[in-house]
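The structure appears below as structure tokens.
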Amino acid sequence: MTDTEILKVANPIMDNLMHASTNNDFDSHTRDFSDRIKQKFTHEELQKYREEYRTKWGDFTERDFVGLTKNGNTINVYWKQKFSDTDDEFLAVLTLSKKNEQYLVERAFVDLWQLES
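Residue numbers (my numbering): 436 to 552.
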């Protein structure tokens with residue numbers, strides 16, 4: 436697959452993850468998750484993560500494609516992620532695997548780490 440073809444799959448999945456997270460919609464947030472991640476990720480974790488980013492940085496806004504890597508059966512897509520209440524930039528990561536002609540989320544996160552001052 437080309438980068439363009441991968442982004443045609445990855446962008447709608449990441450858009451859904453961001454939208455569902457903002458709206459605290461666990462079912463929508465996890466709809467594209469693999470069985471492996473569905474067993475590990477809880478509604479409480481989504482709420483905790485959501486509370487953290489919304490309190491510190493606001494809501495997700497624009498996301499700019501940085502690059503991708505292909506590793507065996509997985510594809511990692513990287514974006515520069517912005518938030519509504521800060522000019523800081525963060526790294527958004529989506530890891531997809533393909534099962535039965537469907538791309539599934541193996542992990543997805545925005546790296547919110549910042550050096551404490």
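Ideal placement from N, C-alpha and C gives every residue a C-beta, glycine not left out.
_Alpha-carbon to alpha-carbon, Asp-470 and Glu-524_ = Reading the sequence shown from its first residue, position 89 is the one you call residue 524. Reading the sequence shown from its first residue, position 35 is the one you call residue 470. About 31 Å.
*Helix, strand or coil at Gln-482 [DSSP, three-state]*: Taking the first residue of the sequence shown as position 1, residue 482 is located at position 47. The answer is helix: DSSP assigns Gln-482 an H, G or I state.
*Helix, strand or coil for Asn-451, going by three-state DSSP, please let me know.*
Taking the first residue of the sequence shown as 1, we reach residue 451 at position 16. Note: Asn-451 maps to helix in three-state DSSP.
*Sort out for me which residues DSSP pairs Phe-501 with in a bridge.*
The residue you call residue 501 lines up with position 66 of the sequence shown. First, the residue type needs correcting, since residue 501 is Val and not Phe in the sequence shown. Per DSSP, none; premise fails for Val-501.
*To the nearest angstrom, report how far apart Glu-497 and Ser-456 are at their CA atoms.*
One-based indexing of the sequence shown puts residue 497 at position 62. One-based indexing of the sequence shown puts residue 456 at position 21. Rounded to the nearest angstrom, the two C-alpha atoms are 15 Å apart.
*State yes or no: is the C-beta of Gly-502 within less than 8 Å of the C-beta of Ser-519?*
If you number the sequence shown from 1, residue 502 lands on position 67. If you number the sequence shown from 1, residue 519 lands on position 84. Against a cut-off of 8 Å, the Cβ pair of Ser-519 and Gly-502 comes out as no contact.
_Selected residue, minimal CA-CA separation from Ala-543, among Asp-438, Asn-511, Asn-458_ = Reading the sequence shown from its first residue, position 108 is the one you call residue 543. The candidate whose alpha carbon is nearest that of Ala-543 is Asn-511.
*asked:* Excluding the 5 residues flanking Lys-515 on each side, which residues of the same chain have their C-beta closer than 6 Å to its C-beta?
replied: Locating residue 515 in the sequence shown gives position 80, counting from the first residue. Cβ within range, chain order: Asp-499, Val-501, Glu-524.
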